[in-house]
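Under our numbering, the first residue of the sequence shown is numbered 6, with each subsequent residue one higher. Read through the structure below, which is laid out as structure tokens, and then see the notes.
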Amino acid sequence: MTDSARPRRPRVRAPELTGEGGWLNTGDRRYTLADLRGRIVVLDFWTFCCINCLHVLDELRELEERHRDTVVVIGVHSPKFAHEADHRAVADAVERYGVAHPVLDDPRLATWKQYAVRAWPTLVVIDPEGYVVAQHAGEGHVHAIERLVTELEAEHGAKGTLRRGDGPYVPPEPEPTTLRFPGKALLLPSGGFLVSDTTRHQLVELAADGETVLRRFGSGARGLADGGPRQAAFNEPQGLALLDDGSVAVADTVNHALRRLDLSTGEVTTLAGTGKQWWRGSPVSGPAREVDLSSPWDVAWWQGRVWIAMAGTHQLWAYDPVTRTVGVTAGTTNEGLVDGPAAEAWFAQPSGLAATADRLWVADSETSALRWVDPDGSVHTAVGTGLFDFGHRDGPAEQALFQHPLGVTALPYGSVAVADTYNHALRRYDPATGEVSTLATDLREPGGAVLVGEDIVVVESARHRLTRLRLPQEAVRVAPVTHRPRRAATEVNPGRLRLDVVFQAPAGRKPDDRFGPATRLLVSSTPPELLLEGEGADTGLSRELELDPAVWEGVLHISATAASCDDDPGVEYPACHVHQQDWGIPVRLTEGAADRLPLVLAGVDEQEGGSQMP
Numbered sequence: 006m007t008d009s010a011r012p013r014r015p016r017v018r019a020p021e022l023t024g025e026g027g028w029l030n031t032g033d034r035r036y037t038l039a040d041l042r043g044r045i046v047v048l049d050f051w052t053f054c055c056i057n058c059l060h061v062l063d064e065l066r067e068l069e070e071r072h073r074d075t076v077v078v079i080g081v082h083s084p085k086f087a088h089e090a091d092h093r094a095v096a097d098a099v100e101r102y103g104v105a106h107p108v109l110d111d112p113r114l115a116t117w118k119q120y121a122v123r124a125w126p127t128l129v130v131i132d133p134e135g136y137v138v139a140q141h142a143g144e145g146h147v148h149a150i151e152r153l154v155t156e157l158e159a160e161h162g163a164k165g166t167l168r169r170g171d172g173p174y175v176p177p178e179p180e181p182t183t184l185r186f187p188g189k190a191l192l193l194p195s196g197g198f199l200v201s202d203t204t205r206h207q208l209v210e211l212a213a214d215g216e217t218v219l220r221r222f223g224s225g226a227r228g229l230a231d232g233g234p235r236q237a238a239f240n241e242p243q244g245l246a247l248l249d250d251g252s253v254a255v256a257d258t259v260n261h262a263l264r265r266l267d268l269s270t271g272e273v274t275t276l277a278g279t280g281k282q283w284w285r286g287s288p289v290s291g292p293a294r295e296v297d298l299s300s301p302w303d304v305a306w307w308q309g310r311v312w313i314a315m316a317g318t319h320q321l322w323a324y325d326p327v328t329r330t331v332g333v334t335a336g337t338t339n340e341g342l343v344d345g346p347a348a349e350a351w352f353a354q355p356s357g358l359a360a361t362a363d364r365l366w367v368a369d370s371e372t373s374a375l376r377w378v379d380p381d382g383s384v385h386t387a388v389g390t391g392l393f394d395f396g397h398r399d400g401p402a403e404q405a406l407f408q409h410p411l412g413v414t415a416l417p418y419g420s421v422a423v424a425d426t427y428n429h430a431l432r433r434y435d436p437a438t439g440e441v442s443t444l445a446t447d448l449r450e451p452g453g454a455v456l457v458g459e460d461i462v463v464v465e466s467a468r469h470r471l472t473r474l475r476l477p478q479e480a481v482r483v484a485p486v487t488h489r490p491r492r493a494a495t496e497v498n499p500g501r502l503r504l505d506v507v508f509q510a511p512a513g514r515k516p517d518d519r520f521g522p523a524t525r526l527l528v529s530s531t532p533p534e535l536l537l538e539g540e541g542a543d544t545g546l547s548r549e550l551e552l553d554p555a556v557w558e559g560v561l562h563i564s565a566t567a568a569s570c571d572d573d574p575g576v577e578y579p580a581c582h583v584h585q586q587d588w589g590i591p592v593r594l595t596e597g598a599a600d601r602l603p604l605v606l607a608g609v610d611e612q613e614g615g616s617q618m619p
């Protein structure tokens, strides 16, 4: 490629990679950018609570495989929750989700700040000479990054600055445990248990002792295949629900599918989903095998349907076994905590369900909340206030705090147990008194629990086992702890604030305006009083906001969508893609602070000198 033919890109020297937690998946070696010179580096800023980050991990697998001798993906783990700053928890997450590239553990967000990242996930591309050439927030950008990688391979191959070879990834040694990061459990009519052995991509039937393996279902390799116990394939299955006919519904999370296990034969079939992830604009109801789903995390049988905690879209869906249809039952896809009618409610990564006669309980993980749905579809919150409020505090529900709960279990007399995952605890909420208490502590990342007589059996995911506890007559007493996010609030000037979402269509693509405007921007705030002007939806990606000086702190909720298609007039049916990202930006109103808030969806912020790097 001649100099004149090379694509013109902004070139900003990439800041160094630093993180107090050190490196994982490198055989204990620490790396600098100089060590990676000559390779194309993709930095993946992620945190393991974030469903969008988990989607990106799966998107990156094919890119890593196809360009294994030129591309090095580096995960930069940047925690939201206090628990995610624990190095052991990061190491567990790296194994749990099958991360097959080096990971820098950055508990104090040092590298996050150096790269001016504002959202999980964010991908940054560094060329073989050590310059940042692209930044993308959100998921769904790997197609654009692969095109850029191909261009960089040609450009730097011709210059002699591309170095091919094996990457720095060193796989960890596998550990021989019966279960490996189990997700959920189900009490079977036999008295035994069915457990989703998530990291091993199987379901395991255990005897009543919770330890003896009776049967395994699934080949143990990632895949989506129906068939008998050894032929069927799952991909990180999670939730389980017993159906009226004695079969089991399975939330096959990374396959974006709802599966069915016939316990009598061991046969596995697919009830809903296509195996493809739902994207904005896809159908939200219809024949179950023709509708895309997005990271179903848990399931429950309620009101004659299989209700699904659709973590990937921040919604609840339901499958009707009579009509064999599936569709949305509550939630808008906006991420947050808003109660009200089902069609207007907001959830944030619902991950646990428990059904009673008059309520469907929901563990809403990203808001650290316990919610419920009435039979009429209205949504309520029992415990929790928002995306950035979490901790371990008992007492009245309006003051109590959880930390990223993933499971909920109905208890006798109307109360519920909450698997308070990142607090390593089992908590109890009593609707009669409105009180939250602690039932047990020192449970390593509990993901769910099942009631067995007077005992409760907890899925201790990070201890790779089921743990049986006697339900205490009185709750354990714990000292209250309130956590603040490690991510600092963005200081902005009170009054007028210019919001600019930066989107540049990837090379070779143009905005897709065939069916109307190619972009959409939705803005709201917590508390609502923070925004005096600028709330709501419109098509432009820039907007003037007015912030109330009397509300000195809050969160701006921003959702941006942009569509682009291949720009080749010779192609009759060009490939089109939707770029979408939700931001929750904690802000603090400070006189003299910035009066412009730039958020990069794709591209670079040219008003900041060609990059958001300092």
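Where is the CB? At the ideal position from N, CA and C, for every residue including glycine. Because the structure is a prediction, the values reported are computed rather than measured.
Span of the beta strand (DSSP E), counted from its first residue to its last, around residue i
i, result
"residue 570", "558–571"
"residue 82", "76–82"
"residue 307", "301–307"
"residue 548", "547–552"
"residue 605", "601–607"
"residue 508", "500–508"
"residue 256", "253–257"
"residue 123", "It is not in any beta strand (DSSP E) - residue 123 carries neither H nor E in the DSSP assignment."
"residue 486", "486–488"
"residue 523", "No beta strand (DSSP E) holds residue 523; DSSP gives it neither H nor E."
"residue 543", "541–543"
Beta bridge counterpart(s) of residue i as assigned by DSSP
i, result
"residue 283", "According to DSSP, which records beta bridges pairwise, residue 283 is partnered with nothing at all."
"residue 451", "465"
"residue 110", "27 and 82"
"residue 378", "365 and 384"
"residue 320", "315"
"residue 130", "47 and 139"
"residue 534", "Paired residues: none, contrary to the question."
"residue 335", "321"
"residue 210", "199 and 220"
"residue 434", "421 and 441"
"residue 330", "292 and 325"
Close Cβ partners of residue i (< 8 angstroms) along its chain, the five nearest in sequence each way excluded
i, result
"residue 105", "30, 66, 69, 174 and 176"
"residue 35", "27 and 28"
Limits of the unbroken alpha helix (DSSP H) element including residue i
i, result
"residue 117", "115–119"
"residue 63", "56–71"
"residue 151", "147–164"
Helix, strand or coil at residue i [DSSP, three-state]
i, result
"residue 427", "helix"
"residue 616", "Because residue 616 sits at a pLDDT of 39, beneath the cut-off of 50, its placement in the model cannot be relied upon, and the following sentence gives the value as read from the coordinates. Reduced to three states, the DSSP call for residue 616 is coil."
"residue 193", "coil"
"residue 39", "helix"
"residue 97", "helix"
"residue 476", "coil"
"residue 357", "strand"
"residue 88", "helix"
"residue 415", "strand"
"residue 493", "coil"
"residue 269", "coil"
"residue 8", "Confidence in residue 8 is poor, its pLDDT being 48 and thus under 50, which makes the residue's placement unreliable; the coordinate value appears in the next sentence. It is coil, neither helix nor strand."
"residue 204", "helix"
"residue 390", "coil"
"residue 370", "helix"
Cβ neighbours of residue i in the same chain (closer than 7 angstroms, five flanking residues each side left out)
i, result
"residue 448", "429, 430, 431, 463, 465 and 472"
"residue 543", "526"
"residue 386", "342, 344, 374 and 376"
"residue 212", "197 and 219"
Integer Cβ distance of residue i from residue j, believed to fall under 8 angstroms
i, j, result
"residue 45", "residue 133", "6 angstroms"
"residue 380", "residue 363", "6 angstroms"
"residue 409", "residue 373", "6 angstroms"
"residue 293", "residue 277", "4 angstroms"
"residue 388", "residue 407", "6 angstroms"
"residue 355", "residue 314", "4 angstroms"
"residue 282", "residue 146", "Contact flag wrong, Cβ pair sits at about 14 angstroms."
"residue 594", "residue 497", "6 angstroms"
Contacting residues, own chain, Cβ-Cβ under 6 angstroms from residue i (five flanking each side not counted)
i, result
"residue 361", "415"
"residue 450", "426, 466 and 467"
"residue 488", "87, 395 and 396"
"residue 547", "505"
"residue 8", "Since pLDDT at residue 8 reaches only 48, below the 50 mark, its modelled position is unreliable, and the value read off the structure follows with that caveat. If we look at residue 8 and ignore the five residues flanking it on each side, it has no Cβ neighbours."
"residue 234", "222 and 271"
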